[in-house]
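**Student:**
In the numbering used here, the protein residues as written are 12 to 243.
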């Protein structure tokens with residue numbers, strides 16, 4: 012079920028500015044290339060990343076800090092727009108203000124993960140939005156235990172990647188269990204996420220990752236193993 016867009020005066024201002032400012036940098040040739048690179052998941056305006064960030068600063072200049080309902084309204088309204096750069100704006104905005112959101116924000120995040128899904132938004136949401144939400148509220152850990160078994164591969168990928176930036180705070184046991192839970196998944200994006208999550212944790216505890224991979228070689232895909240051990 013799609014979350015309701017809450018009332019937000021700030022969201023109205025942001026969206027009015029955003030849809031006026033972003034198109035000024037449109038590049039149809041770049042837009043066509045970006046859409047092709049992202050396998051047609053969404054149309055693009057054609058903004059360079061650096062230009063998009065500069066335009067975002069213009070959009071947000073002088074505006075007050077958001078509360079949780081503002082974050083929800085901005086993200087959901089951006090996701091209603093077709094062009095991908097608006098989704099990127101929403102993800103950047105949430106990453107910047109995630110500390111202003113509570114565990115009650117999870118339904119909004121899940122909607123973003125399962126709607127117009129591709130790695131470019133899902134991975135950033137996992138590491139920079141879901142990860143901080145779970146870290147701030149351990150009661151959300153059971154939700155990740157549910158997400159790892161979800162039929163939607165992007166929800167499962169989010170669970171695999173949500174500890175990506177935890178470093179020494181990583182729950183290694185849970186990470187390894189998640190990897191085993193999805194080790195036989197046929198999709199490239201899950202197998203890649205398993206390897207990526209392990210490779211990132213290997214920067215903190217290489218011995219634990221090597222030991223886990225050695226013990227699980229019979230079930231992990233070659234792609235997952237290769238990615239996990241890439242820097243070891």
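Even for Gly, the Cβ is constructed at its ideal location relative to N, Cα and C.
Since this is a predicted model, take the numbers as computed values, not measurements.
Among residues of its own chain, excluding the 5 on either side of residue 64, which ones have a beta-carbon nearer than 8 Å to its beta-carbon?
**Tutor:** One-based indexing of the chain shown puts residue 64 at position 53. These residues qualify, in order along the chain: 103.
**Student:** Would you call the segment 191 to 210 and the segment 139 to 155 touching, i.e. three or more CB-CB distances under 8 Å?
**Tutor:** no
**Student:** Return helix, strand or coil for residue 77, following the three-state DSSP convention.
**Tutor:** Locating residue 77 in the chain shown gives position 66, counting from the first residue. Three-state result, residue 77: coil.
**Student:** Could you tell me the boundaries of the alpha helix (DSSP H) in which residue 57 lies?
**Tutor:** Indexing the chain shown from 1 puts residue 57 at position 46. Where residue 57 is concerned, there is no enclosing alpha helix (DSSP H), given that its DSSP letter is neither H nor E.
**Student:** Terminal residues of the continuous alpha helix (DSSP H) containing residue 20?
**Tutor:** To locate residue 20, count along the chain shown from 1; it is residue 9. That run of the alpha helix (DSSP H) goes 20 to 32.
**Student:** Over what stretch of residues does the alpha helix (DSSP H) that includes residue 170 continue unbroken?
**Tutor:** Here residue 170 refers to the residue found at position 159 of the chain shown. Counting along the chain, the alpha helix (DSSP H) containing residue 170 begins and ends at 164 to 172.
**Student:** Assuming residue 224 and residue 209 are in contact, meaning their beta carbons sit under 8 Å apart, how far apart are those beta carbons, in whole angstroms?
**Tutor:** Indexing the chain shown from 1 puts residue 224 at position 213. Indexing the chain shown from 1 puts residue 209 at position 198. Correct: roughly 7 Å between the Cβ atoms.
**Student:** Using a Cβ distance threshold of 8 Å, determine whether the segment 76 to 96 contacts the segment 105 to 114, with at least three qualifying pairs required.
**Tutor:** yes
**Student:** Would you kindly report the start and end of the unbroken alpha helix (DSSP H) that includes residue 182?
**Tutor:** Along the chain shown, read from residue 1 onward, the residue named residue 182 stands at position 171. For residue 182, there is no enclosing alpha helix (DSSP H), as DSSP marks it with neither H nor E.
**Student:** Under the three-state reduction of DSSP, which class applies to residue 215: helix, strand or coil?
**Tutor:** Position 204 of the chain shown, counted from the first residue, corresponds to residue 215. Coil.
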